[in-house]
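Notes follow once the structure below has been shown.
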Amino acid sequence: MKHFTQFESKKLADSLIEKALAYKSHPRMEAAKGLGKKIGCIFLNPSLRTRASTQIAALNLGMDPIVMNMDKEGWALEMKEGAIMNKGTVEHIKDAAGVLGSYFDILAIRAFPSLTNKQEDIEDFIFNQFIKYSGVPVISLESAIRHPLQSLADMVTIHENVGQIKKPKVVLTWAPHIKAIPHAVANSFAEWAIGCGHDLTITHPEGYNLDPMFTQGAKIELDQQKALEGADFVYVKNWSAYNDYGKIVTTDNSWMLTEKHFKHAKKAKVMHCLPVRRNIEISDEILDGTRSLVQEQANNRIYAAQSVISHILG
Amino acid sequence: MKHFTQFESKKLADSLIEKALAYKSHPRMEAAKGLGKKIGCIFLNPSLRTRASTQIAALNLGMDPIVMNMDKEGWALEMKEGAIMNKGTVEHIKDAAGVLGSYFDILAIRAFPSLTNKQEDIEDFIFNQFIKYSGVPVISLESAIRHPLQSLADMVTIHENVGQIKKPKVVLTWAPHIKAIPHAVANSFAEWAIGCGHDLTITHPEGYNLDPMFTQGAKIELDQQKALEGADFVYVKNWSAYNDYGKIVTTDNSWMLTEKHFKHAKKAKVMHCLPVRRNIEISDEILDGTRSLVQEQANNRIYAAQSVISHILG
Amino acid sequence: MKHFTQFESKKLADSLIEKALAYKSHPRMEAAKGLGKKIGCIFLNPSLRTRASTQIAALNLGMDPIVMNMDKEGWALEMKEGAIMNKGTVEHIKDAAGVLGSYFDILAIRAFPSLTNKQEDIEDFIFNQFIKYSGVPVISLESAIRHPLQSLADMVTIHENVGQIKKPKVVLTWAPHIKAIPHAVANSFAEWAIGCGHDLTITHPEGYNLDPMFTQGAKIELDQQKALEGADFVYVKNWSAYNDYGKIVTTDNSWMLTEKHFKHAKKAKVMHCLPVRRNIEISDEILDGTRSLVQEQANNRIYAAQSVISHILG
Numbered sequence: 002m003k004h005f006t007q008f009e010s011k012k013l014a015d016s017l018i019e020k021a022l023a024y025k026s027h028p029r030m031e032a033a034k035g036l037g038k039k040i041g042c043i044f045l046n047p048s049l050r051t052r053a054s055t056q057i058a059a060l061n062l063g064m065d066p067i068v069m070n071m072d073k074e075g076w077a078l079e080m081k082e083g084a085i086m087n088k089g090t091v092e093h094i095k096d097a098a099g100v101l102g103s104y105f106d107i108l109a110i111r112a113f114p115s116l117t118n119k120q121e122d123i124e125d126f127i128f129n130q131f132i133k134y135s136g137v138p139v140i141s142l143e144s145a146i147r148h149p150l151q152s153l154a155d156m157v158t159i160h161e162n163v164g165q166i167k168k169p170k171v172v173l174t175w176a177p178h179i180k181a182i183p184h185a186v187a188n189s190f191a192e193w194a195i196g197c198g199h200d201l202t203i204t205h206p207e208g209y210n211l212d213p214m215f216t217q218g219a220k221i222e223l224d225q226q227k228a229l230e231g232a233d234f235v236y237v238k239n240w241s242a243y244n245d246y247g248k249i250v251t252t253d254n255s256w257m258l259t260e261k262h263f264k265h266a267k268k269a270k271v272m273h274c275l276p277v278r279r280n281i282e283i284s285d286e287i288l289d290g291t292r293s294l295v296q297e298q299a300n301n302r303i304y305a306a307q308s309v310i311s312h313i314l315g
Numbered sequence: 002m003k004h005f006t007q008f009e010s011k012k013l014a015d016s017l018i019e020k021a022l023a024y025k026s027h028p029r030m031e032a033a034k035g036l037g038k039k040i041g042c043i044f045l046n047p048s049l050r051t052r053a054s055t056q057i058a059a060l061n062l063g064m065d066p067i068v069m070n071m072d073k074e075g076w077a078l079e080m081k082e083g084a085i086m087n088k089g090t091v092e093h094i095k096d097a098a099g100v101l102g103s104y105f106d107i108l109a110i111r112a113f114p115s116l117t118n119k120q121e122d123i124e125d126f127i128f129n130q131f132i133k134y135s136g137v138p139v140i141s142l143e144s145a146i147r148h149p150l151q152s153l154a155d156m157v158t159i160h161e162n163v164g165q166i167k168k169p170k171v172v173l174t175w176a177p178h179i180k181a182i183p184h185a186v187a188n189s190f191a192e193w194a195i196g197c198g199h200d201l202t203i204t205h206p207e208g209y210n211l212d213p214m215f216t217q218g219a220k221i222e223l224d225q226q227k228a229l230e231g232a233d234f235v236y237v238k239n240w241s242a243y244n245d246y247g248k249i250v251t252t253d254n255s256w257m258l259t260e261k262h263f264k265h266a267k268k269a270k271v272m273h274c275l276p277v278r279r280n281i282e283i284s285d286e287i288l289d290g291t292r293s294l295v296q297e298q299a300n301n302r303i304y305a306a307q308s309v310i311s312h313i314l315g
Numbered sequence: 002m003k004h005f006t007q008f009e010s011k012k013l014a015d016s017l018i019e020k021a022l023a024y025k026s027h028p029r030m031e032a033a034k035g036l037g038k039k040i041g042c043i044f045l046n047p048s049l050r051t052r053a054s055t056q057i058a059a060l061n062l063g064m065d066p067i068v069m070n071m072d073k074e075g076w077a078l079e080m081k082e083g084a085i086m087n088k089g090t091v092e093h094i095k096d097a098a099g100v101l102g103s104y105f106d107i108l109a110i111r112a113f114p115s116l117t118n119k120q121e122d123i124e125d126f127i128f129n130q131f132i133k134y135s136g137v138p139v140i141s142l143e144s145a146i147r148h149p150l151q152s153l154a155d156m157v158t159i160h161e162n163v164g165q166i167k168k169p170k171v172v173l174t175w176a177p178h179i180k181a182i183p184h185a186v187a188n189s190f191a192e193w194a195i196g197c198g199h200d201l202t203i204t205h206p207e208g209y210n211l212d213p214m215f216t217q218g219a220k221i222e223l224d225q226q227k228a229l230e231g232a233d234f235v236y237v238k239n240w241s242a243y244n245d246y247g248k249i250v251t252t253d254n255s256w257m258l259t260e261k262h263f264k265h266a267k268k269a270k271v272m273h274c275l276p277v278r279r280n281i282e283i284s285d286e287i288l289d290g291t292r293s294l295v296q297e298q299a300n301n302r303i304y305a306a307q308s309v310i311s312h313i314l315g
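Just so you know, the protein sequences line up as chains S, P and V, in that order. For the first sequence, this note's numbering assigns the number 2 to the initial residue and increments by one for each residue that follows. For the second sequence, this note's numbering assigns the number 2 to the initial residue and increments by one for each residue that follows. For the third sequence, this note's numbering assigns the number 2 to the initial residue and increments by one for each residue that follows.
In structure tokens form, the structure reads like this:
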């Protein structure tokens with residue numbers, strides 16, 4: 002693994018999960034591993050959990066994190082090869098990524114999708130430009146189509162809560178939202194859950210299928226109630242349409258997860274990457290009850306990031 | 002003391018003042034005390050002095066400070082229990098505070114009042130939500146009604162300048178301003194000055210009384226000239242009306258502190274928490290003259306914060 | 002050297018260049034030199050390279066950098082002596098600079114020119130207010146009229162690439178741009194190139210002469226093609242008019258540097274401080290070709306800053 006951008010293999014995932022759990026028990030067990038090294042955390046979009054957890058992970062390894070808010074502190078980047086730069090963009094990604102690569106030992110990048118230019122989003126164009134031009138290891142802090150640090154934290158959380166169950170039934174269910182939301186978390190969760198050998202069912206209203214690239218190996222069941230039957234873990238997430246790209250095609254609020262959805266999944270745990278729109282995506286009773294793993298998932302973000310940074314440091 | 006939000010006792014105040022002065026002499030005398038620990042500095046409102054001094058204080062103790070600008074880098078927080086989150090807020094305080102609490106050993110929070118919702122401000126609602134849901138020690142970097150780190154720095158400054166005077170006469174005087182300003186600094190100063198045993202007089206134009214909760218034990222004297230007679234320390238501060246909540250009821254500029262106000266208080270020192278509107282609140286002649294302690298107060302912010310963080314570290 | 006604001010002497014420049022190259026080979030060879038010391042990086046204007054490279058330089062010396070975005074996180078500063086502060090400014094530079102000086106061992110300040118008030122810009126008014134009132138060593142991160150850390154990095158880059166040439170021909174050429182750009186980089190480059198003993202020619206369209214204060218000792222040649230003949234290094238930069246202050250008087254795009262400009266300077270290297278407007282200031286073929294030193298200049302920003310901070314630490 003040079004960059005950390007997606008699921009690579011079960012073997013690597015297992016090793017990252019194991020290391021994450023070790024750091025969770027002893028966050029500073031390798032407090033000098035990254036001494037003198039710098040990680041540049043580049044945010045083209047806002048962030049709370051990712052911003053904090055990545056810095057903490059780096060600090061736990063003795064690294065110096067430097068945060069750059071490109072949208073606010075930096076400037077608009079030109080992405081087009083050959084562009085005549087006589088408009089709003091002030092620096093070409095080639096030049097900016099090259100410089101950042103010469104400044105930092107590792108770059109960690111957040112770059113959301115446009116949700117308007119499907120082709121560019123699918124190619125993860127902006128994120129890949131950083132990989133192409135920076136010349137250093139790049140960690141995804143959520144790209145147009147993936148959020149692998151979230152998924153690694155999710156796998157750690159499932160690992161901690163799976164108990165004696167050999168192959169847990171994991172359900173990824175669409176939930177309502179008032180905004181058009183990226184596919185990254187849902188894509189990555191599917192990719193990692195399948196890759197880690199879980200029994201994954203995906204459920205969503207008509208028109209909300211995900212990019213099939215990420216869902217090979219999952220059952221698709223459009224009846225939410227049926228999908229939830231016997232679930233051990235229910236991952237709740239909104240996403241906008243993939244076919245009718247970036248659109249909201251329904252907001253049917255019967256899809257909001259409430260206690261009554263768990264009639265046939267009495268022991269199911271509920272997961273969400275946060276931030277969550279309460280009483281739109283999931284009801285308060287679930288989030289404030291014993292099913293919820295959302296705080297643990299967020300906490301595990303630190304150790305997932307620490308495990309990945311440590312792996313890249315070698 | 003689990004949290005640092007207000008005056009608790011003269012004994013604790015004296016001990017914090019003493020420790021602050023020790024750190025002022027030897028800032029790095031306990032440079033490894035907080036090693037490996039993280040303090041999250043959460044700003045829901047802008048800050049210069051507080052932002053810098055809190056980070057420096059933490060660094061002097063070996064801690065890693067991480068600053069989060071929730072207003073700009075994060076997102077709008079939902080504060081209402083049971084809210085159906087289909088509007089502008091993107092995350093509930095419950096969830097955000099819970100996550101931050103799991104990330105940091107100590108949280109330091111700045112949350113200004115609305116100046117429109119009196120009840121919520123008086124209850125220090127936003128600030129207390131962080132205490133309620135984060136589960137870790139919380140330091141106030143100025144809440145809706147108090148600014149205790151400022152007041153501790155102010156008490157340190159009085160302590161350094163009081164000389165042989167046993168019970169100094171301290172006057173808190175209202176001053177004009179062009180904007181509606183919170184009550185936090187004035188409230189806290191009164192609370193701490195009284196608690197520390199100073200002889201406090203508060204003076205302000207009609208209509209500018211503070212919340213009586215903070216002024217028990219102070220003399221109230223509406224004639225500014227009379228109030229200033231014989232003062233050893235004069236603390237200048239604007240605040241908006243408390244009864245006619247958040248309103249500007251007069252801007253009478255005769256209340257601006259100038260040299261002629263000190264006819265009967267020849268040796269009085271002048272204090273202000275900064276930022277100060279020059280020639281509106283206080284004249285240049287005072288601020289640039291020998292009466293002024295404002296720079297020393299600002300400098301003492303570092304050691305006040307260091308003393309408090311150290312106390313919480315235990 | 003107490004402050005670092007401009008070229009002082011060839012001897013000092015040589016020593017700073019030598020130290021920069023030493024740090025480039027061994028960035029952490031003095032990793033404890035600044036331990037426990039704090040540098041405040043104050044940005045009144047946006048920054049990417051400067052922000053990152055200054056922090057890295059400080060960290061390499063064991064210092065703690067604290068970044069303050071005065072424009073966004075802080076507030077508008079009042080600059081006028083005696084101002085009655087009843088308008089938009091919330092704090093006087095006197096008070097803010099005094100506080101920052103009491104908080105930090107070194108201040109590093111970025112303060113761009115107005116490009117409207119020529120007199121104030123020439124006096125480097127804002128920057129000099131920080132020097133006047135902070136009482137600590139101040140490093141320029143680009144002021145109204147100079148960008149000395151950039152120039153030092155440029156001199157390091159020339160030094161690395163000059164080979165056996167005794168007195169390289171260095172050409173500073175104006176290039177087109179769509180915005181009115183400050184003179185700081187061009188001024189400083191001229192000042193340092195002349196001071197370091199290079200053979201400097203400056204070329205620009207009519208109406209774009211620089212402040213003569215910075216160009217004493219340089220040849221001025223308005224025919225760009227003639228100026229470029231036999232050049233060893235070509236420094237490309239836009240600036241707005243100095244006489245018709247801050248205006249764009251031509252945008253003649255024949256001044257954009259392309260390969261055909263190098264007919265009579267076959268081996269010339271091309272320099273630019275970045276960010277560069279591609280295909281407006283310089284063509285892609287140059288920037289992506291072997292003539293370009295722009296990435297190396299940016300990389301050298303770290304070691305230039307480290308050399309200067311180290312010199313100030315003493």
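Yeah, the Cβ is synthetic: ideal placement off N, Cα and C, and Gly gets one too. Everything numeric in this text was worked out from a predicted model, so none of it was measured.
Cα-Cα separation between residue i and residue j, rounded to whole angstroms
| i | j | result |
| --- | --- | --- |
| D122/V | I179/S | 49 Å |
| G102/V | W76/V | 17 Å |
| A299/S | R50/S | 7 Å |
| K167/S | H93/S | 50 Å |
| L201/P | T158/P | 16 Å |
| R147/P | Q120/P | 15 Å |
| K25/V | K11/P | 54 Å |
| V68/P | P66/S | 12 Å |
Beta-carbon proximity of residue i to residue j, cut-off 8 Å
| i | j | result |
| --- | --- | --- |
| A305/S | L153/S | yes |
| W193/S | F8/S | yes |
| L142/P | I182/P | no |
| A32/S | G41/P | no |
| A187/P | L173/P | yes |
| T251/P | P213/P | no |
| L62/S | L314/S | yes |
| A112/V | L45/V | yes |
| V319/P | L150/P | With chain P covering only 2 through 315, there is no way to say anything about residue 319/P. |
| S135/V | G164/V | no |
| A176/S | D233/S | no |
Any C-beta of chain V under 8 Å from that of residue i
| i | result |
| --- | --- |
| G41/S | yes |
| R147/P | no |
Residue-chain proximity (residue i, chain P), Cβ-Cβ < 8 Å
| i | result |
| --- | --- |
| N300/S | yes |
| G239/S | Just to set this straight, residue 239/S is Asn in the shown sequence, not Gly. No, N239/S does not count as interfacial toward chain P. |
| S16/S | no |
| Q296/S | yes |
| A23/S | no |
Interface flag, residue i vs chain S, CB-CB below 8 Å
| i | result |
| --- | --- |
| I107/P | no |
| H205/P | no |
Residues within the segment 150 to 171 of chain V neighbouring chain S, beta-carbon criterion of under 9 Å: The residues in question: there are none.
Give a yes or no on contact between the segment 269 to 278 of chain V and the segment 229 to 244 of chain V, applying the rule of three or more CB pairs nearer than 8 Å. Yes: at least three Cβ pairs fall under 8 Å.
Pair every Cβ in the segment 222 to 235 of chain S with every Cβ in the segment 247 to 264 of chain S, then say whether three or more of these pairs are closer than 8 Å. The segment 222 to 235 of chain S vs the segment 247 to 264 of chain S: in contact.
Chain-ordered residues of the segment 127 to 146 of chain P with a beta carbon less than 7 Å from chain V: Within the segment 127 to 146 of chain P, no residue qualifies.
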